[in-house]
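S.K.: Letter 42 of the sequence shown, counting from 1, is numbered 29 in the numbering used here, and no numbers are missing. C-beta atoms are modelled at their ideal positions from N, C-alpha and C, and glycine is treated no differently. Here it is: the structure, laid out below.
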Amino acid sequence: MDSSELEPLLVDYKASVEALGRSYPLSVSQERNDRFLRFFQDHQKELAAIDRKTLSRHARADAVLFGNLLEKSVSGHRWELARLTRIQPFLDRLIPAIRLLEAHRRLEPVDPKAAAAALTQVTKSLEDGEPIPEDAGDAFRSSQALAEVSSALRAWEQFYGGYDPLFSWWTQKPFAELKAAVEKVEKRFKEKLDDAADLSVGPPCGRERLVEQIRQEMVAYSPEELLEIGRKEFAWCENEMRKAAAELGFGDDWKAAMEHVKDLHVAPGDQPQMVKGLAIEAIEYLRSNDLLTVPPLAAETWRMGMMSAEKQKINPFFLGGEQIIVSYPTGEMSHSDKLMSMRGNNPHFSRATVQHELIPGHHMQFYMLRRHKPYRSIFGTCFWIEGWTLYWELLLWDLGFPRGPEDRIGMLFWRMHRCARIEFSLSYHLGLMSAEACVDMLVDRVGHERANAEGEVRRSFRGDYPPLYQAAYMLGGLQMMAMRRDVIGSGKMTDKQFHDAVMHENQMPLAVLRSLLLGDEFEGEFDANWRFYNA
-12 MDSSELEPLL
-2 VDYKASVEAL
8 GRSYPLSVSQ
18 ERNDRFLRFF
28 QDHQKELAAI
38 DRKTLSRHAR
48 ADAVLFGNLL
58 EKSVSGHRWE
68 LARLTRIQPF
78 LDRLIPAIRL
88 LEAHRRLEPV
98 DPKAAAAALT
108 QVTKSLEDGE
118 PIPEDAGDAF
128 RSSQALAEVS
138 SALRAWEQFY
148 GGYDPLFSWW
158 TQKPFAELKA
168 AVEKVEKRFK
178 EKLDDAADLS
188 VGPPCGRERL
198 VEQIRQEMVA
208 YSPEELLEIG
218 RKEFAWCENE
228 MRKAAAELGF
238 GDDWKAAMEH
248 VKDLHVAPGD
258 QPQMVKGLAI
268 EAIEYLRSND
278 LLTVPPLAAE
288 TWRMGMMSAE
298 KQKINPFFLG
308 GEQIIVSYPT
318 GEMSHSDKLM
328 SMRGNNPHFS
338 RATVQHELIP
348 GHHMQFYMLR
358 RHKPYRSIFG
368 TCFWIEGWTL
378 YWELLLWDLG
388 FPRGPEDRIG
398 MLFWRMHRCA
408 RIEFSLSYHL
418 GLMSAEACVD
428 MLVDRVGHER
438 ANAEGEVRRS
448 FRGDYPPLYQ
458 AAYMLGGLQM
468 MAMRRDVIGS
478 GKMTDKQFHD
488 AVMHENQMPL
498 AVLRSLLLGD
508 EFEGEFDANW
518 RFYNA
């Protein structure tokens, strides 16, 4: 195994980040934010003092990765602080409670009378006026902040309550009043965010932030160039869709052919066995074609769960890892939502998503990440995590994995979906498309059921994912395909050796991974100008 002299530093960094996160748990705390920024900047100074000429090749690669991570951490931290300023009017209502929690973190003695006054001040602030921000994205982040602070206050109250009689005497009633006020505001947040007419998304990040993140992912393209890649790939998919539609007797009407494939869903209750069969089929295909080493324990330990109706509003399709979480109708869904869930998760669509979530996809990734260079997990990027899984969809297509036109339509649906993600996500963050226009695009151009499209847009823009995440699926997959051509074309590896090597190097921006696999020495400044796309 290749060793790196920086491994101890990186292991310590990861443990320290986790320790600081536990010690400063409140994300809206100024103390926390100041401490993390200082931590990142101190490590930038430490890395700058290392003489890279004395390091091994793998350590020099780690130095490149660590420098990029620290730059990303500093700029991302500042970006999150800027996002908090958007909800500062709401946070101001919570400041007396936040100060109580900050003092408790420092284990300062509590003044019960003053604490009671602070709780009462927060209660009055939440009850006075309209506390819910008008913007849906700001409302979502404000609801998260309220939930975080109220949860921390419950732990704070349990710490003193009963152990300090004077504390309980002063704060019992004010705390109960605050709890009631919080519950009322949380209910109003839920009503706003559950409004079917409200997509509950955050504001676009803007071109400047998008360019910064693209550079930090070591992707040598402008947002506009990435949009053009997505459009070219989408056009290819449409052409292949028309071929499959003609085979099924629908002429050029691929949307009609897709509707036919959607109706080939299994009956209620049959979805788990269908998913099981697809998972086993994918593993057997990899082994029989000598494409990837699949450890017996990895094949043995994947599990299955079913997604709730509530979560399907945000994640209308499968989720995965060691456990694949299956989307299919539940009894409490409306009739139309049941049909949309069944049609959107039919066997031919699912044939791409099951292997994406399990093996060779996310389950395989997480299994290997824990066992090979785990210290590099701090260099995680959506282009590696989602790019690897999407890469297999592209490669399996090229290898003839789809059995007929129905399977090809199912795989093409997802491929088109990933291309559309490039266009709608980047266009949204560039201010070129509204959230509603993104939904319409998924319905009209890709063939999504509308409820599924709305769930996809909520998931993309409500603030849980970074701006590039949705585009990274297809772009990361295309990077992996180009890397495969370069590495195998150089005669250095077979397909199986290449795939195993990707798993053994752990996570990182794909430009660095390509250089590692090609044997580059990482001497001098790293050149991230890899132009991976050839239409």
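Should the stretch 472 to 484 be called in touch with the stretch 433 to 446, which here means at least 3 C-beta pairs below 8 angstroms?
M.R.: Verdict: no, contact absent.
S.K.: Looking only at C-alpha atoms, which of F53, V281 and A207 sits nearest to Q484?
M.R.: Taking the first residue of the sequence shown as 1, we reach residue 484 at position 497. Closest by alpha carbon: V281.
S.K.: Between the Cα of E212 and the Cα atoms of L413, K100, L429 and I365, which residue gives the shortest distance?
M.R.: To locate residue 212, count along the sequence shown from 1; it is residue 225. For E212, the nearest C-alpha among the options comes from L413.
S.K.: Can you tell me whether Y150 is buried or exposed? The criterion is at least 16 other CB atoms within 10 Å of its CB, across all chains shown.
M.R.: For the purposes of this step, residue 150 is taken as the residue at position 163 of the sequence shown. Y150 is exposed by the Cβ-count criterion.
S.K.: Short of 7 angstroms in beta carbon distance, which residues of its chain neighbour A407, apart from the five on each side in sequence? Order them along the chain.
M.R.: Numbered from 1 along the sequence shown, position 420 holds the residue referred to as residue 407. Cβ within range, chain order: F221, M428, L429, R432 and V433.
S.K.: Since G476 is in the beta strand (DSSP E), which residue starts that stretch and which ends it?
M.R.: For the purposes of this step, residue 476 is taken as residue 489 along the sequence shown, with counting starting at 1. Counting along the chain, G476 falls outside any beta strand (DSSP E), though it belongs to the alpha helix (DSSP H) covering Y456 to G476.
S.K.: Is it true that the stretch 368 to 385 meets the stretch 1 to 9, where meeting means three or more beta-carbon pairs spaced less than 8 angstroms apart?
M.R.: Contact fails: fewer than three Cβ-Cβ distances are below 8 angstroms.
S.K.: Assign P120 to buried or exposed, taking buried as 16 or more other Cβ atoms, counted over all protein chains shown, within 10 Å of its Cβ.
M.R.: Position 133 of the sequence shown, counting from 1, holds the residue named residue 120. Under this definition P120 is a buried residue.
S.K.: Whole-angstrom Cβ separation of V341 and A266, contact assumed at under 8 angstroms?
M.R.: Translated into the one-based positions of the sequence shown, residue 341 becomes position 354. Translated into the one-based positions of the sequence shown, residue 266 becomes position 279. Their Cβ separation, rounded to whole angstroms, is 5 angstroms, which keeps V341 and A266 in contact under 8 angstroms.
S.K.: Nearest to R44 by alpha carbon, out of S421, H322, L78 and E(-6)?
M.R.: Counting from 1 along the sequence shown, the entry for residue 44 is found at position 57. When only C-alpha atoms are compared, the closest one is E(-6).
S.K.: Once DSSP output is grouped into helix, strand and coil, what is the label at I37?
M.R.: Residue 37 sits at position 50 when you count from the first residue of the sequence shown. Here I37 sits in coil by DSSP.
S.K.: Along the chain, where does the alpha helix (DSSP H) containing R86 start, and where does it finish?
M.R.: To locate residue 86, count along the sequence shown from 1; it is residue 99. Its alpha helix (DSSP H) spans residues Q75 to R92.
S.K.: Identify every run of the alpha helix (DSSP H) within the stretch 140 to 175, keeping only runs that are complete inside it and at least 4 residues long; order them along the chain.
M.R.: Here no run is fully enclosed.
S.K.: Once you ignore the five residues that flank E144 on each side, which residues in its own chain have a CB closer than 6 angstroms to its CB?
M.R.: Indexing the sequence shown from 1 puts residue 144 at position 157. Excluding sequence neighbours, E144 sits near F162.
S.K.: Keeping to the same chain, check which residues put their C-beta closer than 6 angstroms to that of V198; ignore five residues upstream and five downstream.
M.R.: The residue given as residue 198 occupies position 211 in the sequence shown. Nothing listed; no residue qualifies.
S.K.: Give me the Cα-Cα distance between A244 and F237, rounded to the nearest whole angstrom.
M.R.: In the sequence shown, residue 244 corresponds to position 257, counting from 1. In the sequence shown, residue 237 corresponds to position 250, counting from 1. When rounded, the distance between both Cα atoms is 6 angstroms.
S.K.: So, G308 versus F353, is the Cβ gap smaller than 7 angstroms?
M.R.: As a working note, residue 308 is residue 321 in the sequence shown. As a working note, residue 353 is residue 366 in the sequence shown. Yes, these two residues count as a Cβ contact at 7 angstroms.
S.K.: Rounding to the nearest angstrom, what Cα-Cα distance links E227 and L399 in this structure?
M.R.: Position 240 of the sequence shown, counted from the first residue, corresponds to residue 227. Position 412 of the sequence shown, counted from the first residue, corresponds to residue 399. E227 and L399: Cα-Cα distance of roughly 8 angstroms.
S.K.: So what's Q494 in DSSP terms, helix, strand or just coil?
M.R.: In the sequence shown, the residue the question calls residue 494 occupies position 507. Three-state DSSP puts Q494 in coil, outside helix and strand.
S.K.: According to DSSP, which residues form a beta bridge with M398?
M.R.: Position 411 of the sequence shown, counted from the start, is the residue given in the question as residue 398. Per DSSP, none; premise fails for M398.
S.K.: V172: beta carbon under 6 angstroms from a heavy atom of the ligand PLP?
M.R.: The model on display carries no ligand, and the ligand PLP is accordingly not part of it.
S.K.: If contact is defined by three or more beta carbon pairs under 8 angstroms, each pair taking one atom from either stretch, is the stretch 46 to 59 in contact with the stretch 101 to 117?
M.R.: Result no; under three Cβ-Cβ pairs closer than 8 angstroms.
S.K.: Can you say whether H486 is buried or exposed, counting buried as having 16 or more other CB atoms within 10 angstroms of its CB?
M.R.: Start at 1 with the first residue of the sequence shown, and residue 486 comes out as number 499. When all chains shown are included, H486 counts as buried.
S.K.: Pick helix, strand or coil for M428, following the three-state DSSP scheme.
M.R.: If you number the sequence shown from 1, residue 428 lands on position 441. Reduced to three states, the DSSP call for M428 is helix.
S.K.: Where does A183 sit, in a helix, a strand or coil, going by DSSP?
M.R.: In the sequence shown, the residue the question calls residue 183 occupies position 196. Residue placement at A183 is poorly supported in this model, since its pLDDT is 45, which falls under 50; the coordinates still yield a value, given next. A183: coil per DSSP, three-state reduction.
S.K.: May I ask you to verify whether the stretch 323 to 331 touches the stretch 246 to 254, counting CB pairs closer than 8 angstroms and requiring at least 3?
M.R.: The stretch 323 to 331, when compared against the stretch 246 to 254, does touch it at the 8 angstroms Cβ threshold.
S.K.: What number of angstroms, rounded off, separates the C-alpha of R218 from the C-alpha of R9?
M.R.: To locate residue 218, count along the sequence shown from 1; it is residue 231. To locate residue 9, count along the sequence shown from 1; it is residue 22. Approximately 44 angstroms between the Cα atoms of the pair.
S.K.: So, does the stretch 72 to 89 touch the stretch 123 to 137, judging by three or more C-beta pairs under 8 angstroms?
M.R.: In short, these stretches touch, since the Cβ pair count reaches three.
S.K.: Compare the Cα-Cα distances from E510 to each of F26, D38, G464 and E33 and report the closest residue.
M.R.: Within the sequence shown, the letter at position 523 stands for residue 510. When each option's Cα is compared against that of E510, the closest is D38.
S.K.: By how many angstroms is the C-alpha of L504 removed from the C-alpha of M480?
M.R.: Position 493 of the sequence shown, counted from the first residue, corresponds to residue 480. Position 517 of the sequence shown, counted from the first residue, corresponds to residue 504. Their backbone Cα atoms lie some 9 angstroms apart in a straight line.
S.K.: Report the three-state DSSP secondary structure of V433 (helix, strand or coil).
M.R.: Taking the first residue of the sequence shown as position 1, residue 433 is located at position 446. If DSSP states are grouped into helix, strand and coil, V433 belongs with the helices.
S.K.: Is there contact between the stretch 169 to 180 and the stretch 109 to 127, where contact requires at least three CB pairs shorter than 8 angstroms?
M.R.: Touching, per the Cβ criterion.
S.K.: Helix, strand or coil: how does DSSP classify M535 here?
M.R.: Since the first residue shown for the chain is -12 and the last is 522, residue 535 is missing from the structure and cannot be characterised.
S.K.: Can you tell me the Cα-Cα spacing of D(-1) and H491, whole angstroms?
M.R.: Taking the sequence shown and counting its residues from 1, the one referred to as residue -1 is at position 12. Taking the sequence shown and counting its residues from 1, the one referred to as residue 491 is at position 504. So the alpha carbons of these two residues sit roughly 21 angstroms apart.
S.K.: Within 10 Å of its beta-carbon, does S502 have 16 or more other beta-carbons around it, so buried, or fewer, so exposed?
M.R.: As a position in the sequence shown, residue 502 is number 515, starting the count at 1. Result: buried.
S.K.: Using a Cβ-Cβ cutoff of less than 7 angstroms, which residues in the same chain neighbour A440 once the five nearest sequence positions on both sides are dropped?
M.R.: Locating residue 440 in the sequence shown gives position 453, counting from the first residue. Counting only Cβ-Cβ distances below 7 angstroms, and skipping sequence neighbours, we find V426, L429 and V430.
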